[in-house]
Structure formats: C-alpha cells, structure tokens
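Here the structure is laid out as structure tokens; the discussion comes afterwards.
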Amino acid sequence: MWALAGVFTRSDVVRVVGGLAWVSIGALMGAYQTANLPMLVVMMFLPAAFAFVFRAVGMYHTEDPRVPRASVQAAACAALAFIPVVASEPQMVVAVLLLLMVFMILVRDHRVMLLMIPLPAVAVVLPNLVYAVANVSSGGVRQLFSDVMI
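Each residue of the sequence shown is one higher than the one before, counting from 10 in the working numbering.
As structure tokens, then:
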C-alpha cells in the first residue's frame, strides 16, 4: 500500500496511514485470524500491481521538476504482480480486466501497454476459464469463484 499511496502523494504521513488502513482492512475481514492465504496474497500483491500500472502509463507524482514518463519495465512488473492475485483468487481476473478497461478509457496514451498487462494473468487462469465455459450447464462457473484453499 505504501507504493500505491506513493503514486498519488509523497507525504510519509499519508502513506503510513494508507498502509495501516490497508492492514486494518485485512484484520477486520478476518484474513489474519483465519489464515486465509489466498486473500493475504491478494492484499499483498494488488496494491503493488496497481502502483506499477500507474507508473507504466506515467500517472504518478514526482518531487522532481521533471514530467513523469511511461515505463515498459513498470508494465512488466504490473503484469507479473497480477499473476499471484488471479492465481490465488481466480474471480479477480474479471475485476482486473474491468479496471484495466476503465484505465484504457481514461488514459489516451499507452493503450497497447494496457492491453498487454493482463495477458500473463489471463494465461494463468485460462484453463479455469475454458473449463467454466465448457461446463456451464453442470455448474463449472463455480470453479471461478473458488480459491486455492478449497
């Protein structure tokens, strides 16, 4: 969460409060008490993935007088950070794709980069998606809403 808050501000106070709020959300959900490993993985990698997405398209705050630039390396890191998110909670692939579609509408530049970011995550979940589509009548869609704990 520190990195995601750092996209919007350089204030350490705001970043610490954001990080503590994120940890508190995990505690309130009971993820620590029940040792819900898939949700803990999501809570660890999701803020970093979106921080990398913001850096990939050049939407971040700098203290330097220079203008933020897009970064292919940040796009690659975002793609890699989304893999554990969708591998532990396969239903997150739908939310990630929807959010990246919103990014494509809001960000005029770097659309190809935004299209390439979810490809590794979709490749990880593709066998589940194929099974769910092939077995819709017998309840195969339920497999998308499970996690690795089941």
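Virtual Cβ for every residue (Gly too), placed ideally from N, Cα, C.
On a predicted model such as this, the values are computed, not experimentally measured, just so you know.
Pick from the options that is closest to residue i, judged by C-alpha positions
i, options, result
"residue 138", "40, 98, 76, 29", "98"
"residue 47", "118, 96, 81", "96"
"residue 90", "140, 65, 152", "65"
"residue 154", "111, 57, 23, 104", "104"
"residue 18", "84, 116, 63, 115", "63"
"residue 52", "109, 31, 115, 25", "31"
"residue 100", "151, 34, 145, 146", "151"
Nearest-angstrom beta carbon gap, residue j and residue i [assumed within contact, 8 Å]
i, j, result
"residue 40", "residue 29", "With a Cβ gap of about 15 Å, residue 40 and residue 29 do not count as contacting."
"residue 107", "residue 127", "With a Cβ gap of about 10 Å, residue 107 and residue 127 do not count as contacting."
"residue 92", "residue 129", "6 Å"
"residue 148", "residue 140", "Contact flag wrong, Cβ pair sits at about 11 Å."
Cα-Cα separation, residue i to residue j
i, j, result
"residue 86", "residue 61", "6 Å"
"residue 143", "residue 113", "30 Å"
"residue 36", "residue 10", "15 Å"
"residue 131", "residue 20", "35 Å"
"residue 68", "residue 81", "13 Å"
"residue 88", "residue 134", "13 Å"
"residue 84", "residue 123", "8 Å"
"residue 57", "residue 14", "10 Å"
"residue 45", "residue 38", "10 Å"
"residue 25", "residue 120", "32 Å"
"residue 43", "residue 76", "45 Å"
Exposed unless 16 or more other CB atoms sit within 10 angstroms - verdict on residue i
i, result
"residue 59", "buried"
"residue 6", "It is not possible to answer for residue 6, since the shown part of the chain is limited to 10 through 159."
"residue 78", "exposed"
"residue 110", "exposed"
"residue 116", "buried"
"residue 27", "buried"
"residue 94", "buried"
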